[in-house]
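One structure is given here, and the rest of the page talks about it.
Numbering (my numbering), first residue to last: 1 to 382.
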């Protein structure tokens, strides 16, 4: 059901929902935003199986959704590159309008997305109204944007929107598909690493830590630590746990459990990883010069994933990888991984929920989160 904080409004005499044949979705934000929209997109496909479904995303979103079976067309919006100049923006908008959408849905709450639904020419325009002005007034179906922080997950917020056009809630599973070539890349990458492959491929087979140790003539270990992925980065400073803490966690996993630790990072996180490596006594596996799809394929192979609130966290969630997710000021209720083997670790502060960009406490919630709290969460997954 829709929560009491949501007010739904539909204008009358728009068009019959049976006439919906050509749908445009707008989700021009991050990796996690795109992935957490996939349950709603699957429900939309189930309700309108014969409709064409297109989606506007940025490049990362396009990469994440590239194998999604519920989407017919992915339109990449590049505001800082291809569509930076006014003329190129106008061409982009004119091309959208020429596609003759009958329904446009702004999954992202922004004036830009509401504007896109309007300029598309669609008769049904769905979105959120955060203020009684601007392009919010061009919506034909809307939800008053009044969900307080810390009350609802993004998956449910997207379901709320689609109920406006009679779409029923469906599975909450995130949809992230990989190709055979992408899985082959991961296989080749990992084949060069001496990972203990004696753990059962059949999940029904039960091996105790001592049986594994006896079988391999090694110190006691756990299947959970066969291949531990760590992503220490994040999209903003308020989301990044201290690098020396990640170094301690990685070293202890290696020393105590013989874990294979793979460190994931992007080109803009080189300095962060250099700091981590300088504080480690062991050398982890490094995975940096890979694209987003290859990153997904490697994360799928991990037995445990440790990370800040970030895009890779949502990728691990899509694959239901056991995850320890470190949250700072972000609304963890809205963005936390949903599967049962995911643990959120955070420091409870009286200023939550807050605006991270106006933090007056120097991001204390992230910087002072104690190591033992994260370590205890990891051990709790054994």
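The C-beta atom is built at its ideal place from N, Cα and C for all residues, glycine as well.
- The segment 164 to 182 makes contact with the segment 312 to 331, as at least three CB pairs between them are under 8 Å.
- In this structure, the beta-carbon distance from residue 92 to residue 111 does not fall below 9 Å.
- As a beta-bridge residue in DSSP terms, residue 264 pairs with 287.
- Using a Cβ distance threshold of 9 Å, residue 24 and residue 99 count as a contacting pair.
- Residue 307: member of the beta strand (DSSP E) spanning 304 to 308, first to last residue.
- Sequence-distant partners of residue 157 (beyond 5 residues in either direction) whose C-beta falls short of 7 Å from its own C-beta, in its chain, are 147.
- DSSP places residue 144 in the strand class (E or B) of the three-state scheme.
- With a beta-carbon spacing of about 7 Å, residue 260 and residue 285 fall inside the 8 Å limit used to define contacts.
- Only residues of its own chain outside the window of five on either side were considered, and among them 251, 254 have a CB closer than 6 Å to the CB of residue 282, listed in chain order.
- In the structure shown, residue 58 adopts coil according to DSSP, grouped into three states.
- With respect to the 9 Å criterion, residue 75 and residue 53 are not classified as neighbours on the basis of their beta carbons.
- Burial check for residue 22: the Cβ neighbour count within 10 Å reaches 16 or more, so the residue is buried.
- As the crow flies, the alpha-carbon of residue 347 is around 11 Å from that of residue 363.
- In the three-state DSSP reduction, residue 52 falls in the strand class (E or B).
- In its chain, beyond the 5 residues on either side, 227, 229, 321 have a beta carbon closer than 6 Å to the beta carbon of residue 302.
- Excluding sequence positions up to five before and after residue 331, its CB lies within less than 7 Å of the CB of 149, 150, 353, all in the same chain and listed in chain order.
- Taking all protein chains shown into account, residue 380 has fewer than 16 neighbouring C-beta atoms within 10 Å of its C-beta and is therefore exposed.
- DSSP lists 307 as the bridge partner or partners of residue 231.
- In this structure, 144 is the residue among 86, 90, 144 with its C-alpha nearest to the C-alpha of residue 109.
- The Cβ-Cβ distance between residue 296 and residue 178 falls below 9 Å.
- Distance from the CA atom of residue 268 to the CA atom of residue 370, rounded to whole angstroms, is 26 Å.
- Each residue's CA atom was taken as its position, placing residue 193 and residue 307 some 22 Å apart.
- Nearest to residue 273 by alpha-carbon distance, out of 258, 292, 243, is 243.
- Looking at the DSSP output, residue 323 shares a beta bridge with 305, 342.
- Counting only unbroken stretches of 4 or more residues, the alpha helix (DSSP H) elements lying wholly within the segment 94 to 166 are 111 to 119, 154 to 162, in sequence order.
- Residue nearest to residue 28 within the set 55, 223, 161 is 55 (criterion: CA-CA distance).
- If you look at residue 71, you'll find it isn't in any beta strand (DSSP E); DSSP assigns it neither H nor E.
- For the pair residue 235 and residue 264, the Cα-to-Cα distance works out to about 14 Å.
- As DSSP reads the structure, residue 22 sits in a beta bridge with 52.
- When rounded, the separation of the alpha-carbon atoms in residue 377 and residue 34 is 27 Å.
- Measuring C-alpha to C-alpha distances from residue 359 to each of 185, 293, 336, 239 identifies 239 as the nearest.
- When the alpha-carbon of residue 185 is set against those of 64, 287, 342, 17, the nearest one is in 287.
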